[in-house]
Amino acid sequence: MTHTRNTPASQAESLVPDLDAMTPRAARAWRERMAVSVIGSGRYTVASESGGSYTVDLPGKRCTCPDHTMRGERCKHLRRVAIEITEGRLPRPGFRAADCCVCGREAFVPETTRLPLCEHCSFAPDERVRDRETGDLLVVVRSVDRRADEVDIEALETTVASHPTNRAYDPGEPVVEAVYPGGDHPYSFPRSRLARRPRTAPTADSAPGATG
Ligand SMILES: [Zn+2]
Ligand SMILES: [Zn+2]
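Using the numbering used here, you'd call the opening residue of the sequence shown number 124 and step up by one each time.
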């Protein structure tokens, strides 16, 4: 059999959890219809199938239900919150759901962020980007949790938003600081002015198994 680079790395197995192999408590955490909502600071409200409503403190590993308070068990509510976080249905402690302020997509962002950015719209430090106005290449220093109309460019006595080259961008966008390669002075840009540089795609010549 010929292995191509598209060969899947995972085994042929079901991803459905085997409820019969679990303890009854663990299986109920998966099976029962529970509604979970985020309170904040790692706390969640779980409305159970039987009509009860309990508060889970995930970092503290506590729940207000009798199974936990009376019997000290890791109850189905604690387990359910952990499952929903792992499945990407709920934000983990310290995060909240919010609409990205650039593209509008819903994302889980740090609780204290004023200007939420989705994974696609946020830059990591040291990421290489391109200035859409000039074509210059830059390196990201950090995203600033402040709007372009709140950040001053002191030398020019203007804000980032009202600088002439930035008028086409939303003044409510977060500011990103970036340096020119080899430079150390950070310049401030509205987020959308900087474009992520696409990763270099492998060429046909370097792809294994390619034939001419
Ligand atoms: Zn509980
Ligand atoms: Zn976005």
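Where a beta carbon is used, it is the ideal one built from N, C-alpha and C, also for glycine.
What would DSSP say about residue i, mapped onto helix, strand or coil?
i      : result
Ser160 : strand
Leu201 : helix
Ser285 : coil
Ser137 : coil
Met124 : With a pLDDT of only 46 at Met124, under 50, the local geometry of the prediction cannot be trusted, and the value read off the model is given with reservation. Coil.
Gly335 : Because Gly335 carries a pLDDT of 38, less than 50, the predicted location of this residue cannot be relied on, and no value is offered for it.
Ala149 : helix
Arg166 : strand
Ala144 : helix
Ser176 : strand
Ala271 : coil
Leu181 : coil
Ser315 : helix
Pro248 : coil
Asp190 : helix
Glu300 : strand
Below 8 angstroms between beta carbons: does that hold for residue i and residue j?
i      : j      : result
Ala291 : Asp272 : no
Val252 : Ala318 : yes
Phe246 : Val298 : no
Gly217 : Glu234 : yes
Ala149 : Arg202 : yes
His200 : Ser171 : yes
Asp180 : Arg197 : no
Arg269 : Gly295 : no
Exposed or buried, what is residue i when buried is set at 16 or more other beta-carbons lying within 10 Å of its beta-carbon?
i      : result
Leu213 : buried
His243 : exposed
Arg314 : buried
His308 : exposed
Pro239 : buried
Arg228 : exposed
Arg320 : exposed
Is residue i near ligand 4, going by C-beta to nearest heavy atom under 7 angstroms?
i      : result
Val262 : As for ligand 4, it is missing from this structure, which binds only ligand 1 and ligand 2.
The region 192-208 touching the region 249-263, judged by at least three CB pairs closer than 8 angstroms: Here the region 192-208 does not lie against the region 249-263, with fewer than 3 beta-carbon pairs under 8 angstroms apart.
Counting pairs of Cβ atoms below 8 angstroms between the region 259-271 and the region 301-313, do you hit three or more? Yes: at least three Cβ pairs fall under 8 angstroms.
Does the contact criterion of 3 or more C-beta pairs under 8 angstroms hold for the region 187-202 versus the region 129-143? No, the region 187-202 is not in contact with the region 129-143.
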